[in-house]
Structure formats: structure tokens, C-alpha cells
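K.L.:
Number of protein chains: 2
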Amino acid sequence: MAPRPYLLGMARPRSFDRDHVLHAAERQFRTSGYNGTSVDDISAATGLGRGSLYAAFDGKHGVLLQAMAGYFARLGQLAPKVLAGPDEGALERLHGYLLRAVHGVPLAADVPPADDRAAAACFAAKMALELGASDAEVQRLADDCFSVVATAVAECVRAAQRNGDIDPDADPDDLAYLLLTIIRGSDVVGAYGHSPARLTSIAESAFALLPRPRHR
Amino acid sequence: MAPRPYLLGMARPRSFDRDHVLHAAERQFRTSGYNGTSVDDISAATGLGRGSLYAAFDGKHGVLLQAMAGYFARLGQLAPKVLAGPDEGALERLHGYLLRAVHGVPLAADVPPADDRAAAACFAAKMALELGASDAEVQRLADDCFSVVATAVAECVRAAQRNGDIDPDADPDDLAYLLLTIIRGSDVVGAYGHSPARLTSIAESAFALLPRPRHR
DNA sequence: ATGGTTGTGTACTGAACAGTCAGAAATCTA
DNA sequence: TAGATTTCTGACTGTTCAGTACACAACCAT
Numbered sequence: 001m002a003p004r005p006y007l008l009g010m011a012r013p014r015s016f017d018r019d020h021v022l023h024a025a026e027r028q029f030r031t032s033g034y035n036g037t038s039v040d041d042i043s044a045a046t047g048l049g050r051g052s053l054y055a056a057f058d059g060k061h062g063v064l065l066q067a068m069a070g071y072f073a074r075l076g077q078l079a080p081k082v083l084a085g086p087d088e089g090a091l092e093r094l095h096g097y098l099l100r101a102v103h104g105v106p107l108a109a110d111v112p113p114a115d116d117r118a119a120a121a122c123f124a125a126k127m128a129l130e131l132g133a134s135d136a137e138v139q140r141l142a143d144d145c146f147s148v149v150a151t152a153v154a155e156c157v158r159a160a161q162r163n164g165d166i167d168p169d170a171d172p173d174d175l176a177y178l179l180l181t182i183i184r185g186s187d188v189v190g191a192y193g194h195s196p197a198r199l200t201s202i203a204e205s206a207f208a209l210l211p212r213p214r215h216r
Numbered sequence: 001m002a003p004r005p006y007l008l009g010m011a012r013p014r015s016f017d018r019d020h021v022l023h024a025a026e027r028q029f030r031t032s033g034y035n036g037t038s039v040d041d042i043s044a045a046t047g048l049g050r051g052s053l054y055a056a057f058d059g060k061h062g063v064l065l066q067a068m069a070g071y072f073a074r075l076g077q078l079a080p081k082v083l084a085g086p087d088e089g090a091l092e093r094l095h096g097y098l099l100r101a102v103h104g105v106p107l108a109a110d111v112p113p114a115d116d117r118a119a120a121a122c123f124a125a126k127m128a129l130e131l132g133a134s135d136a137e138v139q140r141l142a143d144d145c146f147s148v149v150a151t152a153v154a155e156c157v158r159a160a161q162r163n164g165d166i167d168p169d170a171d172p173d174d175l176a177y178l179l180l181t182i183i184r185g186s187d188v189v190g191a192y193g194h195s196p197a198r199l200t201s202i203a204e205s206a207f208a209l210l211p212r213p214r215h216r
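Okay, here's the thing in C-alpha cells:
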């Protein structure tokens with residue numbers, strides 16, 4: 001009846017780092033897809049036993065959701081960091097972002113995207129396309145990921161407009177959606193096996209078509 | 001020892017239509033993904049028993065490859081039919097194609113794309129992204145699908161250029177790649193659950209950015 | 001130390017999986 | 001009609017799957 005003399009989580013401490021585990025699981029899901037990844041695969045990739053996996057993440061689907069949540073959090077930090085800034089460099093930041101983004105979303109900030117372009121595709125996008133409308137939670141998380149980046153891109157477009165680098169009559173949100181769609185498309189086109197050079201060329205074409213102000 | 005008195009295929013005739021079966025399998029793969037589809041699912045969707053499936057298509061992977069080949073053949077017929085024509089209507093054909101394509105690739109020419117946008121995604125694209133670089137045959141077939149449409153789009157761009165509707169200095173192949181990338185991207189964005197109106201708006205934004213001739 | 005509490009590893013379970021196979025059924029030639 | 005040949009059907013195989021159960025290990029407070 002003693003009303004819990006000490007707080008939860010005070011007995012045996014966890015021997016794994018939660019983020020590290022979710023990271024490894026994300027890599028596995030991105031490489032093999034959701035249905036192509038077994039719990040044993042996750043167990044091997046993370047080093048966790050099945051018991052711990054179920055206790056800490058509630059099974060395969062739970063691991064997916066929490067890995068996606070971590071991915072979302074990471075995007076929410078990274079995208080603004082890369083895109084936000086003073087108005088005068090905005091167009092160039094957009095250019096750099098576009099050029100990098102068509103080559104995939106890296107697992108971590110420092111690691112290069114990936115050897116296999118299909119595994120470098122946006123985690124959220126890949127899961128959403130694989131699981132489709134059959135998994136509403138995944139769909140919502142994926143849309144959250146899209147939104148947080150789209151917002152950052154739109155803000156960058158607005159900055160470029162303020163600086164006179166993009167036609168002020170253009171709708172920044174429409175433009176952001178279009179750019180993000182191109183980036184997602186490069187995930188797919190890259191999965192066909194096209195060379196990085198081709199993806200760069202697509203990005204450059206897109207950038208060149210951005211609406212410039214009418215009068216210089 | 002009688003050296004086969006009649007030709008092969010003369011005994012019991014097949015009781016199924018090959019194309020119809022591959023079509024049903026394609027629908028299943030597009031809905032559930034490759035790894036999310038079991039042989040029993042295919043069997044149920046097509047009405048064929050397992051034995052027949054293995055005899056005629058060499059198992060699950062064989063069904064996929066042959067379904068993709070059929071899809072490729074279909075694209076090779078449809079895309080030029082929609083995009084080819086006289087120079088003067090070329091830009092409008094491109095416009096119409098783009099608007100339709102962002103809403104998905106229909107299973108058949110008459111049927112509307114699909115209720116579930118993720119299932120309406122380009123079959124080849126979805127398989128390429130799911131199976132990634134681990135399946136070279138799928139990757140090659142997917143690239144073939146991309147190429148055949150890209151060629152048709154590029155030809156349409158050239159026609160529009162000849163008609164003075166698109167900047168003649170623009171590289172038609174680059175433009176075609178970009179447009180196709182946008183269309184593939186809309187497969188992904190659509191899978192997030194965005195409304196058809198949003199996809200239409202993306203397509204219109206893209207169309208509006210096409211490079212027009214400098215002097216009117 | 002000791003008892004309570006939590007994390008970890010592994011063996012287990014029933015279901016689902018891909019692929020095989022032998023016999024029944026259907027259609028041919030003769 | 002009889003024999004040959006092919007397709008079809010559904011049961012079977014061994015494997016792998018997601019998830020559970022339970023014993024053991026690690027760490028807390030006292």
C-alpha cells in the first residue's frame with residue numbers, strides 16, 4: 001500500500017539510447033520498406049531483443065510511428081535551419097536546398113544521403129506511398145513532415161520576394177508546394193537508377209523556371 | 001517415339017485471359033504493394049489457383065515482372081496517343097495531360113484513376129520505390145516506363161516550341177524530365193491525403209511556369 | 001544485504017507465408 | 001471412343017512471421 005516510494009523508471013535503467021534505436025530502425029525501414037522489414041530485422045539492426053522492442057515501442061507498427069515522429073522532429077529543426085535567414089541570401093539558400101534535396105534526405109545531418117537512392121528517399125514519403133490510405137496515422141505523420149518543410153520553403157520564397165529575386169505576384173505557398181512536389185518526384189525518379197547528375201539537372205531546370213520579377 | 005504428332009498447346013486450353021489476370025494482379029500490387037501482397041491475395045484477385053499461377057507466370061515475382069511489362073506496353077500506347085498531334089494544339093495537350101496525370105494513372109483507359117490516391121500512383125514508380133535498388137529488373141522496367149512517357153512529353157514540347165508557345169531556347173528533354181518529375185511527385189504528395197484540388201493547383205502552377213517565348 | 005521494480009534475452013505459439021506436387025478435368029488427334 | 005497432353009485444383013511442406021510469456025539480470029530504496 002506504500003504509495004510508490006520512488007518515481008517510475010528508477011529500477012533498472014535502459015541499456016539503449018532511444019533515439020539511436022529509432023534511427024537504426026528508420027534506416028532499416030527506408031532500405032527494405034515496412035512490409036519488407038521483419039521484427040527480427042529491426043532487432044538485428046538495433047541490437048534490441050524482441051521483448052525490449054515490444055515493451056518500449058509496442059511492436060513493429062509502434063516502432064514505425066515513433067521513428068516517423070523522430071524524423072518529423074528532425075525535419076522541423078533542419079529545414080528552417082537551412083532555409084531561414086536574411087532576405088538577401090534567400091534565393092541562393094533556396095537554390096542550394098533544392099540542389100541538395102533532389103539527392104535525398106540524409107539519415108543524419110552529417111552523413112551523405114545514401115548509396116541507394118531509393119533508400120535515400122524521404123522516409124515519410126516512402127512509407128506513405130507504400131502503406132497508402134490503409135494507415136491513417138502514417139498518412140497524417142507524413143503530411144506533417146511535408147507541411148513543416150513546405151512552410152519553411154514558403155517562408156524562404158517570401159524572403160526572396162522581399163529581396164526582389166522572385167516575382168512578388170507569385171503565390172509563395174503554391175510555389176513551395178510545387179518545389180516540394182519536384183523534390184518528392186526526384187525520390188521516385190532517383191529510384192529508377194538515374195544518375196545524380198540527372199537529378200541535379202532536374203533541380204537546375206526547376207530553379208531556372210522560378211518566376212523572376214518583371215522589370216529589372 | 002512418335003515425334004509429337006500435334007503442336008504444343010493443343011490439349012486443354014487455358015480458361016483465363018492472360019491480360020485480364022495481369023490486370024487484376026496489377027491492381028492488387030498497386031493497392032497493397034509488393035511485399036504487402038501474398039500469393040493468396042493474387043490468387044483471390046485473379047481467380048487463378050496457385051498451381052496455374054506458377055505454371056503460367058512463374059510465381060509472385062514473375063507475375064510482378066509480367067504485370068509491369070503489360071503496364072509498360074499500355075503506357076507506350078497511351079502516352080503518344082494523348083500527346084501526339086499537330087503543333088498548334090500541343091501546348092493545350094500538354095496542359096490537359098499534366099492536369100490529368102497529377103491525379104494518377106488509371107488502371108484502364110476508361111476507368112477513373114482510383115479512389116485511393118496512393119493506389120493510383122504510377123505502378124512502375126511505386127514498385128521501384130518500394131523495391132529500390134534490390135531488384136534490378138524492376139528498376140529497369142520502371143525506367144523504361146519513365147522513358148517512354150518522357151519521350152512523348154518531350155516530343156509534345158518540341159511541337160509546342162515549333163508553334164511558338166514555348167521558348168525555343170529551352171531544352172525540351174530537360175523540360176520533359178522536369179514535368180515527369182512533378183507528376184511523379186504528385187503521386188507522393190497525393191499519398192499524403194491531399195485533396196484533388198490541391199494536386200490540380202500544383203499542376204496549374206507548374207504549367208504557368210513553362211518558359212514562354214521572349215517576344216510576343 | 002534484501003525486496004521491489006523494471007529492463008533484457010529467448011523460447012514458444014499459432015498464423016501466414018512462398019513454393020511444390022500429384023491427381024482430376026478438359027480438350028486434342030486419330 | 002481411347003490415348004495423349006495440357007491445364008487446373010487444392011492439399012501439403014518447411015519456413016518465416018508478429019506477438020507473447022517467462023525466467024533472469026540490473027538497479028533502486030531502505
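From first to last, the protein sequence lines stand for chains Y and D. Okay, so the first sequence: first residue is 1 according to the numbering used here, each after it adds one. Okay, so the second sequence: first residue is 1 according to the numbering used here, each after it adds one. Here a beta-carbon is modelled for each residue, glycine too, at the ideal position from N, C-alpha and C. Treat the numbers as computed from the prediction; the structure is a model and nothing was measured.
State yes or no: is the C-beta of Ser15 (chain Y) nearer than 7 Å to some heavy atom of the ligand PLP?
P.N.:
Summarising the ligand content, the structure contains no ligands, and the ligand PLP is consequently not present.
K.L.:
Is there a C-beta anywhere in chain Y that falls below 8 Å from the one on Ala126 (chain D)?
P.N.:
Note that residue 126 (chain D) corresponds to Lys in the displayed sequence, not to Ala. Closer than 8 Å to some Cβ of chain Y, the Cβ of Lys126 (chain D) qualifies, so yes.
K.L.:
Could you check the C-alpha separation between Ala24 (chain D) and Thr46 (chain D) for me, to the nearest Å?
P.N.:
Going from the Cα of Ala24 (chain D) to the Cα of Thr46 (chain D) covers about 6 Å.
K.L.:
Mind listing which residues of the stretch 167 to 188 of chain Y have their C-beta closer than 9 Å to chain D's C-betas, in chain order?
P.N.:
The residues in question are Ala170, Asp171, Asp174, Leu175, Tyr177, Leu178, Leu180, Thr181, Ile182, Ile183, Arg184, Gly185, Ser186, Asp187, Val188.
K.L.:
In angstroms with no decimal places, state the Cα-to-Cα distance between Gly59 (chain D) and Asn163 (chain Y).
P.N.:
Cα to Cα, Gly59 (chain D) sits roughly 59 Å from Asn163 (chain Y).
K.L.:
Kindly list the residues whose CB is nearer than 6 Å to the CB of Ala173 (chain Y), restricted to its own chain and excluding five residues on each side of it in sequence; keep chain order.
P.N.:
A small correction: the amino acid at residue 173 (chain Y) is Asp; Ala does not occupy that position in the sequence shown. Ala154, listed in sequence order.
K.L.:
Near His95 (chain Y), what residues of its chain come up, given a Cβ to Cβ distance below 7 Å and the 5 sequence neighbours on each side ignored?
P.N.:
If we look at His95 (chain Y) and ignore the five residues flanking it on each side, its Cβ neighbours are Phe207.
K.L.:
Could you check how far apart the C-beta atoms of Leu131 (chain D) and Tyr34 (chain D) are, in whole angstroms? I think they sit under 8 Å.
P.N.:
Contact flag correct, Cβ pair sits at about 6 Å.
K.L.:
Over what stretch of residues does the alpha helix (DSSP H) that includes Phe16 (chain Y) continue unbroken?
P.N.:
No alpha helix (DSSP H) contains Phe16 (chain Y), which DSSP labels as neither H nor E.
K.L.:
For Gln161 (chain D) and Phe123 (chain D), I'd like the C-alpha separation in whole angstroms.
P.N.:
Rounded to whole angstroms, Gln161 (chain D) to Phe123 (chain D) spans 31 Å at the Cα level.
K.L.:
Which value, in whole angstroms, describes the spacing of the CA atoms of Ser201 (chain Y) and Asp17 (chain Y)?
P.N.:
Looking at the two C-alpha atoms, the distance is approximately 40 Å.
K.L.:
Output, in chain order, the set of chain Y residues within a Cβ distance shorter than 9 Å of Phe123 (chain D).
P.N.:
Going along chain Y, no residue has its Cβ under 9 Å from Phe123 (chain D), so there is no contact; the nearest lies around 12 Å.
K.L.:
For chain Y, is any of its Cβ atoms less than 8 Å away from the one on Phe16 (chain D)?
P.N.:
No, because no Cβ of chain Y sits closer than 8 Å to the Cβ of Phe16 (chain D).
K.L.:
Quick check: the Cα distance between Ala197 (chain D) and Val111 (chain Y), rounded to an integer number of angstroms?
P.N.:
Rounded to the nearest angstrom, the two C-alpha atoms are 37 Å apart.
K.L.:
Look at Val189 (chain Y) and Leu199 (chain Y) and say whether their C-beta atoms are less than 8 Å apart.
P.N.:
Yes, they are a contact pair.
K.L.:
Please report the straight-line C-alpha distance between Pro106 (chain D) and Ala55 (chain Y), rounded to a whole angstrom.
P.N.:
Rounded to the nearest angstrom, the two C-alpha atoms are 43 Å apart.
K.L.:
The alpha helix (DSSP H) spanning Ile42 (chain D) covers which residue range?
P.N.:
Here the alpha helix (DSSP H) through Ile42 (chain D) covers 39 to 46.
K.L.:
Under 8 Å, do Leu141 (chain Y) and Phe72 (chain Y) count as touching if we go by C-beta distance?
P.N.:
Against a cut-off of 8 Å, the Cβ pair of Phe72 (chain Y) and Leu141 (chain Y) comes out as a contact.
K.L.:
Can you give me the C-alpha to C-alpha distance between Ala79 (chain D) and Ala101 (chain D), rounded to a whole angstrom?
P.N.:
C-alpha separation (whole angstroms): 10 Å.
K.L.:
Which ranges does the alpha helix (DSSP H) cover as unbroken runs of at least 4 residues, wholly within the stretch 123 to 156 of chain D, from first to last along the chain?
P.N.:
DSSP runs (the alpha helix (DSSP H)) wholly in the stretch 123 to 156 of chain D: 123 to 131.
K.L.:
Going by DSSP in three states, Ala108 (chain Y) sits in which element: helix, strand or coil?
P.N.:
In this structure, Ala108 (chain Y) counts as coil in the three-state DSSP scheme.
K.L.:
Please decide whether Val207 (chain Y) counts as near chain D, where near means a Cβ-Cβ distance under 8 Å.
P.N.:
Just to set this straight, residue 207 (chain Y) is Phe in the shown sequence, not Val. Taking Cβ atoms only, chain D never reaches closer than 8 Å to Phe207 (chain Y), which makes this a no.
K.L.:
Do the CB positions of Arg30 (chain D) and Gly185 (chain Y) come within less than 8 Å of each other?
P.N.:
Result no, Cβ atoms of Arg30 (chain D) and Gly185 (chain Y) do not sit closer than 8 Å.
K.L.:
I'd like the list of long-range same chain contacts for Phe210 (chain Y), defined as Cβ closer than 7 Å, with 5 residues on each side in sequence excluded.
P.N.:
For the record, residue 210 (chain Y) in the displayed sequence is Leu; it is not Phe. For Leu210 (chain Y), where only same-chain residues beyond five positions count, the Cβ hits under 7 Å are Ile166.
K.L.:
Using CA atoms only, rank isn't needed, just tell me which of D:Arg14, D:Val63, D:Asp19 is closest to Val39 (chain D).
P.N.:
Of the candidates D:Arg14, D:Val63, D:Asp19, the one whose C-alpha sits nearest the C-alpha of Val39 (chain D) is D:Val63.
K.L.:
For the alpha helix (DSSP H) that Leu83 (chain Y) lies in, which residues bound it at each end?
P.N.:
Segment 59 to 83, the alpha helix (DSSP H) holding Leu83 (chain Y).
K.L.:
Taking Gly36 (chain D) as the reference, give the member of Y:Glu204, Y:Ser134, Y:Asp144, Y:Val149 with the closest Cα.
P.N.:
Nearest of Y:Glu204, Y:Ser134, Y:Asp144, Y:Val149 to Gly36 (chain D), Cα basis: Y:Ser134.
K.L.:
In three-state terms, what does DSSP make of Pro113 (chain D)?
P.N.:
In the structure shown, Pro113 (chain D) sits in coil (DSSP, three-state: anything other than H, G, I, E or B).
K.L.:
Using Cβ-Cβ distances below 7 Å, what residues of the stretch 128 to 149 of chain Y are close to chain D?
P.N.:
Here the close residues are Ala128, Leu129, Glu130, Gly132, Ala133, Gln139, Ala142, Asp143, Phe146.
K.L.:
Between Asp19 (chain D) and Val148 (chain Y), what straight-line distance do the alpha-carbon atoms span, to the nearest angstrom?
P.N.:
Asp19 (chain D) and Val148 (chain Y): Cα-Cα distance of roughly 43 Å.
K.L.:
Give the straight-line distance between the Cα atoms of Asp115 (chain D) and Glu26 (chain D), rounded to the nearest whole angstrom.
P.N.:
Asp115 (chain D) and Glu26 (chain D): Cα-Cα distance of roughly 16 Å.
K.L.:
What is the rounded straight-line gap between the Cα of Ala109 (chain D) and the Cα of Leu98 (chain D)?
P.N.:
Looking at the two C-alpha atoms, the distance is approximately 16 Å.
K.L.:
What residue does the alpha helix (DSSP H) around His95 (chain D) start on, and which one ends it?
P.N.:
Unbroken alpha helix (DSSP H) run through His95 (chain D): 90 to 101.
K.L.:
Are the C-beta of Gly193 (chain Y) and some C-beta of chain D separated by less than 8 Å?
P.N.:
Interface residue, yes.
K.L.:
Can you confirm whether Ala302 (chain Y), when its beta carbon is compared against all beta carbons of chain D, has any partner nearer than 8 Å?
P.N.:
Coverage of chain Y is limited to positions 1 through 216, which leaves residue 302 (chain Y) absent and any answer about it impossible.
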